[in-house]
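Have a look at the structure below before the remarks.
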Amino acid sequence: MEEQMIEPRVRVNGVALARFMGKPVSIMGTVLNTHASGISVEIKTVDNLVVTVKMQEPLQEPLSGLVEFHGTVQGKNTVSSDFYISLPPEITENFDFEQYNEALTLMNTISNQWVS
Numbered sequence: 009m010e011e012q013m014i015e016p017r018v019r020v021n022g023v024a025l026a027r028f029m030g031k032p033v034s035i036m037g038t039v040l041n042t043h044a045s046g047i048s049v050e051i052k053t054v055d056n057l058v059v060t061v062k063m064q065e066p067l068q069e070p071l072s073g074l075v076e077f078h079g080t081v082q083g084k085n086t087v088s089s090d091f092y093i094s095l096p097p098e099i100t101e102n103f104d105f106e107q108y109n110e111a112l113t114l115m116n117t118i119s120n121q122w123v124s
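FYI, our numbering numbers position 106 of the sequence shown as 114, with every residue one higher than the one before it.
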């Protein structure tokens, strides 16, 4: 059996996207607009940047509120998503965007001490 190595996905904000070109990421944002075809979504990230998320297949449900997308960075403000998690309002009503953004900034500026 062939063993596959899965590259770890990094949590990012909008500013960090450019540093992870072609890499798997997880990005969270508030849905601003869904294209009529359902193939792309515009989100406002936790650091207040607008990012376009391109879906692998058209959405089968309307998206709104806070959503986490998993995918690959395609450009400085574009992610190709293969999976998403739509977070319910009861979880997100007290979500601290500023604190989450600070955590992401810290995580992405300190090198990973566990990787040699």
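Here a beta-carbon is modelled for each residue, glycine too, at the ideal position from N, C-alpha and C.
None of these values were measured; they are calculated from a predicted model.
{"Query": "Simplified DSSP state of Gln82, which is helix, strand or coil", "Result": "strand"}
{"Query": "Proximity winner among Glu98, Ser72, Tyr92, Gln68, relative to Leu40 (alpha-carbon distances)", "Result": "Ser72"}
{"Query": "Which of helix, strand or coil DSSP assigns to Ser124", "Result": "Confidence is the limiting factor: at Ser124 the pLDDT is only 39, short of 50, which leaves the residue's position unreliable, though a coordinate-based value still follows. DSSP places Ser124 in coil when its eight states are reduced to three."}
{"Query": "Residue closest to Thr86, alpha-carbon to alpha-carbon, out of Ile47, Phe103, Glu106", "Result": "Ile47"}
{"Query": "Under the three-state DSSP convention, the category Pro2 falls into", "Result": "With the chain represented from 9 up to 124, any question about residue 2 goes unanswered, as that position is not in the structure."}
{"Query": "Where Pro32 falls: helix, strand or coil (DSSP)", "Result": "strand"}
{"Query": "Burial state of Met29 (16 or more Cβ within 10 Å)", "Result": "exposed"}
{"Query": "Buried or exposed by the 16-neighbour rule on C-beta atoms within 10 Å, applied to Thr53", "Result": "buried"}
{"Query": "Assigned exposure category for Ala24 - 16 Cβ within 10 Å defines buried", "Result": "buried"}
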